[in-house]
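Single-structure report; data block below.
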Ligand code: PMT
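In this note's numbering, the protein residues as written are 5 to 408.
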């Protein structure tokens, strides 16, 4: 994604993290955005307007009552100009003012006057952040459609360790890219995506698992969110960061994944199951580490539920999309799975092919449909493939709902 030609108003309020606004402004410009900054009077105590002017390449707006040579109502002009407003850092004070409808300076009047999306990146001391009044204000803003980033946890300027750090500038820029690049293909639809490989424990230190990194599923979750969906990503263990605006539920075993997906299924519109799910689990998990003996170790494995098969049986209008990880007869095995699991689309991939399958950044897929048609795709990045999948899913959803 890029921010070319996007107009960003960066509102800087008065907290110690205000100095990071310079980095955010720099990153935004590097990504192609045009940036105009508004500073509150307190922000100007922490970082000079000159710094932000030089980095943004535009004059910095400070006060409602600055002398201007031309007639221009500054807060309205900025409010109308922006594709997005970003308040970073957002202090408890400015959050409280916006939530309370107070517009007593240029920053708050401009935020109040804009119809562009407003993203707030809170940064403050942990106790302030946890204060129920701040939390109520954030909940109120969320309910009114303001976008709120979670602050990071770590060492804070006040010397304490906890939640309240301004999210890293790259994360803020990524979020801005997400919001300004959003389409309406899946607007407001509830989408469940599963990703990664489930693990079944043998004992407290060992498990049976597979090679899935979660990359394919995470790319799909990101793409669905970029298409305007409310995405819940049910993720088996992986180190991947959660994509912007995606709700993540971490699970380990197939049983846990089933529980998480089942609890969301009745109320969702679309399920895309990219996870590599363990079909079997050891009958017993040893409570202590299994000790090496002279002889071999025999395990008795029992069958796990097939989550997707069960979803197919219970299907009540949802669009259900599965994957098939195959090593031979890819299309034939894929077609059999599509039918057996009552799916609307299946993405078959030969996980032994160069550039396809587990871990890497690319994949080679064939889309299969219930009417027997197939659509083979070239090698592409998992991000590109995710976009292709979301485009097909949106079409299927539209067709399905227009038939009702
Ligand atoms: O995560 P990456 O490293 O990026 O790798 C991507 C991938 C190779 C894991 C992905 O592209 C993929 O193929 N995912 C499906 C893996 C898989 O479990 O395939 P399967 O053919 O065994 O299962 C068929 C479908 O049923 C899948 O949608 C699977 O999620 C689902 N299933 C399988 C078993 C089970 N017990 N419950 C299920 O829901």
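Beta carbons: idealized from backbone N, C-alpha and C, even for Gly. Model, not experiment: these values are computed from the prediction.
Asked: Three-state class that DSSP yields for residue 332 in the structure shown; Found: coil
Asked: Inter-stretch contact (C-beta, 8 Å, three-pair minimum) for the stretch 81 to 99 and the stretch 51 to 61; Found: no
Asked: Residue 329 CB to nearest heavy atom of the ligand PMT below 7 Å; Found: yes
Asked: Cβ neighbours of residue 226 in the same chain (closer than 6 Å, five flanking residues each side left out); Found: 247
Asked: Backbone secondary structure at residue 353 - three-state DSSP; Found: strand
Asked: Exposed unless 16 or more other CB atoms sit within 10 angstroms - verdict on residue 348; Found: buried
Asked: Straight-line Cα distance separating residue 170 from residue 163; Found: 15 Å
Asked: Boundaries (first-last residue) of the beta strand (DSSP E) holding residue 234; Found: 234 to 239
Asked: Cβ pair residue 179, residue 153 closer than 8 Å; Found: yes
Asked: Own chain residues within Cβ distance below 7 Å of residue 166, not counting five before or after; Found: 130, 157, 160
Asked: Uninterrupted alpha helix (DSSP H) stretches inside the stretch 342 to 394 (no shorter than 4 residues); Found: none
Asked: Where the beta strand (DSSP E) through residue 198 begins and ends; Found: 194 to 199
Asked: 8 Å Cβ cutoff met for residue 312 and residue 343; Found: no
Asked: Three-state secondary structure (DSSP) of residue 317; Found: helix
Asked: Whole-Å CB distance - residue 278 paired with residue 224, under 8 Å assumed; Found: 6 Å
Asked: Cα-Cα separation between residue 219 and residue 386, rounded to whole angstroms; Found: 7 Å
Asked: Simplified DSSP state of residue 28, which is helix, strand or coil; Found: helix
Asked: Identified DSSP bridge partners for residue 123; Found: 90, 151
Asked: Minimum C-alpha distance to residue 86 - residue among 325, 115, 394, 59; Found: 115
Asked: Local Cβ density within 10 Å of residue 173, reported as buried at 16 or more and exposed below that; Found: buried
Asked: Beta-carbon separation (whole angstroms), residue 253 vs residue 240, contact threshold 8 Å; Found: Their Cβ separation, rounded to whole angstroms, is 11 Å, which puts residue 253 and residue 240 out of contact at 8 Å.
Asked: Residue 297 - DSSP class collapsed to helix/strand/coil; Found: coil
Asked: Nearest-angstrom Cα separation, counted from residue 208 out to residue 287; Found: 15 Å
Asked: Cα-Cα separation, residue 21 to residue 168; Found: 10 Å
Asked: Cβ shell of residue 379 (< 6 Å), same chain only, five flanking positions each side left out; Found: 371
Asked: The ligand PMT heavy atom lying under 7 Å from the CB of residue 69; Found: no
Asked: Sub-8 Å separation of residue 177 and residue 151 beta-carbons; Found: no
Asked: The stretch 266 to 277 / the stretch 285 to 305 touching (three or more Cβ pairs under 8 Å); Found: no
Asked: Cutoff 6 Å; reference residue 250; Cβ partners in own chain excluding five residues on either side; Found: 225, 229, 235, 237
Asked: Nearest-angstrom Cα separation, counted from residue 93 out to residue 26; Found: 11 Å
Asked: Cβ pair residue 42, residue 12 closer than 8 Å; Found: no
Asked: Three-state secondary structure assigned by DSSP to residue 286; Found: strand
Asked: Rounded distance between the beta-carbons of residue 273 and residue 191, thought under 8 Å; Found: That pair is no contact at about 11 Å.
Asked: Heavy atom of the ligand PMT within 7 Å of residue 310 beta-carbon; Found: yes
Asked: Rounded separation between residue 401 and residue 206 - CA only; Found: 41 Å
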